[in-house]
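Protein chains in written order, with this note's numbering: chain A, 111 to 342; chain B, 111 to 342.
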DNA sequence: GCTAATTTCGGAACATGTTCGAAAAGTCAG
DNA sequence: CTGACTTTTCGAACATGTTCCGAAATTAGC
């Protein structure tokens with residue numbers, strides 16, 4: 111309990127808890143018990159502090175998760191991006207995707223209101239890189255934002271759907287009927303679905319993101335510059 | 111209380127509640143009080159039944175929402191699709207998108223594990239239509255599934271991000287700092303973000319889905335058939 | 001009728017995120 | 001030292017989704 115003499119010019123009861131301590135404890139808890147068990151109360155207990163105390167240092171659970179996410183992204187090395195603008199968009203989007211994808215609880219925050227606005231500079235470089243590359247490719251600023259947003263939607267969707275498709279409840283129950291498609295399809299009503307049949311789970315397990323991303327980015331860039339006057 | 115004499119060959123206490131009644135009550139509740147106030151307890155109260163009783167007719171809240179969603183999609187007219195395969199993919203995807211987008215609480219279920227598998231035939235025709243059109247365009251069945259999945263990710267992402275960006279808490283609070291991007295950007299660190307600056311919210315409000323979808327579908331179809339032997 | 005089996009019902013209880021209000025522990029001016 | 005002010009802490013309470021388990025209400029076999 112570092113009972114410091116209170117920094118100068120500060121009034122009020124001295125805090126026993128800090129944001130940094132909370133984040134550290136949260137990481138500890140996640141490492142030890144898994145992220146599903148990160149609850150406000152457990153976190154408070156880990157800190158030896160009342161549960162409601164945390165609400166003086168974070169706004170709510172969502173903000174806590176975003177802070178953890180920022181912290182995670184911070185540690186990701188800022189990889190060198192290709193010089194070709196098109197490749198740069200793809201590399202940055204992939205970095206963004208991967209950073210979020212191996213963060214199992216990213217899905218819980220990804221659609222937070224104004225999520226991007228909550229990221230700090232260390233995460234925003236990926237956004238910046240996409241805007242810059244699109245602009246360098248010949249997009250206007252507005253078009254660059256559109257490119258980013260489209261890529262962002264695709265990326266978020268892929269991560270979210272995937273995260274929730276893979277979440278096998280810890281205990282391995284027998285495959286209940288909510289595993290991808292049920293195999294019984296009415297071949298007269300939905301012939302193509304029936305033709306795919308029970309191969310769907312296997313097909314759905316394949317990773318289509320890298321290729322889909324390339325295709326999408328190529329299309330978006332070409333579409334954008336196609337309407338601009340040449341020779342910028 | 112229709113105390114029917116219990117259909118033949120059936121034993122046990124006769125049910126006082128049915129799935130249909132539950133769904134009807136849920137719709138009533140949503141229409142009357144808004145969907146945010148649809149809770150298990152309120153729903154049970156509306157039916158004059160214990161809260162836990164509902165769990166004998168639905169598995170959990172998520173299933174209830176999917177059932178409601180199915181029911182909603184049922185009522186959507188099965189619009190006539192264009193004959194051109196490419197246009198048909200786009201039309202079906204747009205129908206899927208729109209059906210989900212004006213269903214404000216779709217966001218809560220969209221990423222449910224095996225969501226697509228929970229939809230019934232009336233909703234699956236859109237999926238079927240996309241597979242069929244892609245196949246007709248020249249894709250293999252596997253490629254058609256990939257096309258669908260890519261479009262699905264994009265669509266889900268757009269809906270989710272949008273739903274959560276627009277969720278202004280009922281009371282119109284002053285614009286807190288989580289509205290899109292905050293305007294203060296370090297122009298030396300993220301020059302392009304800084305250049306866009308406070309125009310971001312306005313730009314982010316524009317609907318890029320229709321155009322993005324067209325671009326994406328064109329790219330996906332072209333990419334798929336480009337690797338197939340000609341003259342199928 | 002009586003008992004067993006079967007199915008539905010629903011109250012109690014639990015863990016969760018969060019709000020409220022009051023008590024605690026400091027600083028500062030006099 | 002005293003009283004006003006400020007900030008932090010935290011127990012009580014609330015609504016939520018959900019599980020447990022016993023009670024209730026019916027049919028089937030005798």
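Every residue, glycine too, gets a C-beta built ideally from N, C-alpha and C.
- Message: Suppose the cutoff is 8 Å on Cβ atoms and the five residues either side in sequence are ignored; what does the same chain contact list for residue 171 (chain A) look like?
- Response: 150
- Task: Could you work out which residues of chain B lie near residue 251 (chain A), taking near to mean beta carbons separated by less than 7 Å?
- Result: 305 and 306
- Message: Is residue 263 (chain A) a contact residue of the ligand NAP, with contact defined as CB to any heavy atom under 7 Å?
- Response: Ligands in the displayed structure: none, and consequently the ligand NAP is not present.
- Message: Which residues of the stretch 232-250 of chain B have a Cβ closer than 8 Å to any Cβ of chain A? Give them in chain order.
- Response: 234, 235, 237, 238, 241, 242 and 245
- Task: Pick helix, strand or coil for residue 200 (chain B), following the three-state DSSP scheme.
- Result: Helix.
- Distance CB(residue 163 (chain B))-CB(residue 121 (chain B)) smaller than 8 Å: no
- Are the stretch 303-318 of chain A and the stretch 294-301 of chain B in contact at 8 Å, needing three or more beta carbon pairs? no
- Query: Using the C-alpha atoms, what's the distance from residue 143 (chain A) back to residue 280 (chain A)?
  - Reply: Confidence at residue 280 (chain A) is low in this model, with a pLDDT of 41, below 50, so the placement of that residue should be treated as unreliable; the coordinate-derived value is given next. Distance between the alpha carbons of residue 280 (chain A) and residue 143 (chain A): 13 Å.
- Same chain, Cβ closer than 6 Å to residue 112 (chain B), neighbours up to 5 away in sequence not counted: Any reading at residue 112 (chain B) needs caution, since the residue's pLDDT is 40, under 50, leaving its predicted position unreliable; the model's value is listed next. Once the five neighbours on either side are set aside, residue 112 (chain B) has no close Cβ partner at all.
- Query: Which chain B residues are close to residue 265 (chain A), counting only those with a beta carbon under 9 Å from its beta carbon?
  - Reply: 263 and 267
- Query: Given residue 180 (chain B), which residues of its chain have a CB within under 8 Å of its CB, disregarding the five upstream and five downstream residues?
  - Reply: 228, 229, 230, 232 and 233
- How would you label residue 259 (chain B), buried or exposed, when you count the other beta carbons within 10 angstroms and need 16 or more for buried? buried
- Can you tell me the Cα-Cα spacing of residue 326 (chain B) and residue 156 (chain B), whole angstroms? 45 Å
- Query: What are the boundary residues of the alpha helix (DSSP H) that residue 248 (chain B) is part of?
  - Reply: Where residue 248 (chain B) is concerned, there is no enclosing alpha helix (DSSP H), given that its DSSP letter is neither H nor E.
- Query: In the structure shown, what three-state DSSP assignment does residue 167 (chain A) receive?
  - Reply: coil
- Could you say which of B:214, B:208, B:242 and B:173 lies nearest to residue 193 (chain B) if we only look at CA atoms? B:242
- Task: Taking only runs that begin and end inside the stretch 217-247 of chain A, name each unbroken alpha helix (DSSP H) of 4 or more residues, in chain order.
- Result: 225-228 and 231-247, all fully within the stretch 217-247 of chain A.
- Item | Exposed unless 16 or more other CB atoms sit within 10 angstroms - verdict on residue 207 (chain A) | By the neighbour-count rule (16 or more Cβ atoms within 10 Å), residue 207 (chain A) is buried.
- Query: Given that a residue counts as buried once 16 or more other Cβ atoms are within 10 Å of its Cβ, and exposed if not, what is residue 282 (chain A)?
  - Reply: Its pLDDT being 42, under 50, residue 282 (chain A) is placed unreliably in this model, and the coordinates cannot settle the point.
- Query: What residues of chain A sit near residue 299 (chain B), judged by a beta carbon separation below 7 Å?
  - Reply: 231
- Query: Beta-carbon of residue 296 (chain B) versus every beta-carbon of chain A: anything under 8 Å?
  - Reply: Under the 8 Å criterion on CB atoms, residue 296 (chain B) is classed as interfacial with respect to chain A.
- Message: Considering Cα atoms alone, identify which of A:238, A:125, A:216 and A:269 is closest to residue 176 (chain A).
- Response: A:216
- With burial defined as no fewer than 16 other Cβ atoms inside 10 Å of the residue's Cβ, what is the status of residue 268 (chain A): buried or exposed? Around the CB of residue 268 (chain A), 16 or more other CB atoms lie within 10 Å, so the residue is classed as buried.
- Query: Since residue 332 (chain A) contacts residue 249 (chain A) with CB under 8 Å, what's their CB separation in whole angstroms?
  - Reply: At roughly 11 Å, the Cβ-Cβ gap does not stay under 8 Å, so residue 332 (chain A) and residue 249 (chain A) are not in contact.
- Query: So, residue 265 (chain A) versus residue 271 (chain B), is the Cβ gap smaller than 8 Å?
  - Reply: no
- Message: Please identify, using Cβ separations under 8 Å, the residues of the stretch 196-207 of chain A that lie next to chain B, in order along the chain.
- Response: none
- Is the CB-CB distance between residue 240 (chain A) and residue 297 (chain A) below 8 Å? no
- Pick out whichever of B:125, B:316, B:311 and B:337 has its Cα sitting closest to the Cα of residue 223 (chain A). B:311
- N-terminal and C-terminal residue of the alpha helix (DSSP H) that residue 328 (chain B) is part of: 319-335
- Can you list the alpha helix (DSSP H) stretches of 4 or more residues lying completely in the stretch 170-196 of chain A, in chain order? 171-184
- So the alpha helix (DSSP H) residue 306 (chain A) belongs to, where does it begin and stop? 301-306
- Message: If you reduce the DSSP assignment to three classes, tell me which class residue 286 (chain A) lands in.
- Response: Here the model assigns residue 286 (chain A) a pLDDT of 49, short of 50, so the residue's position is not dependable, and the following value carries that caveat. Coil, per DSSP.
- Item | Reduced DSSP secondary structure (H/G/I, E/B, other) of residue 120 (chain A) | coil
- Span separating the alpha-carbon of residue 289 (chain A) from that of residue 252 (chain A): Legend: pLDDT at residue 289 (chain A) = 48, less than 50; position of this residue unreliable, value from coordinates given subsequently. Computed Cα separation, rounded: 41 Å.
- Does the beta carbon of residue 167 (chain B) come closer than 8 Å to any beta carbon on chain A? No - not a single Cβ of chain A is within 8 Å of the one on residue 167 (chain B).
- Task: Measuring alpha carbon to alpha carbon, tell me which of A:205, A:135, A:196 and A:174 ends up nearest residue 185 (chain A).
- Result: A:205
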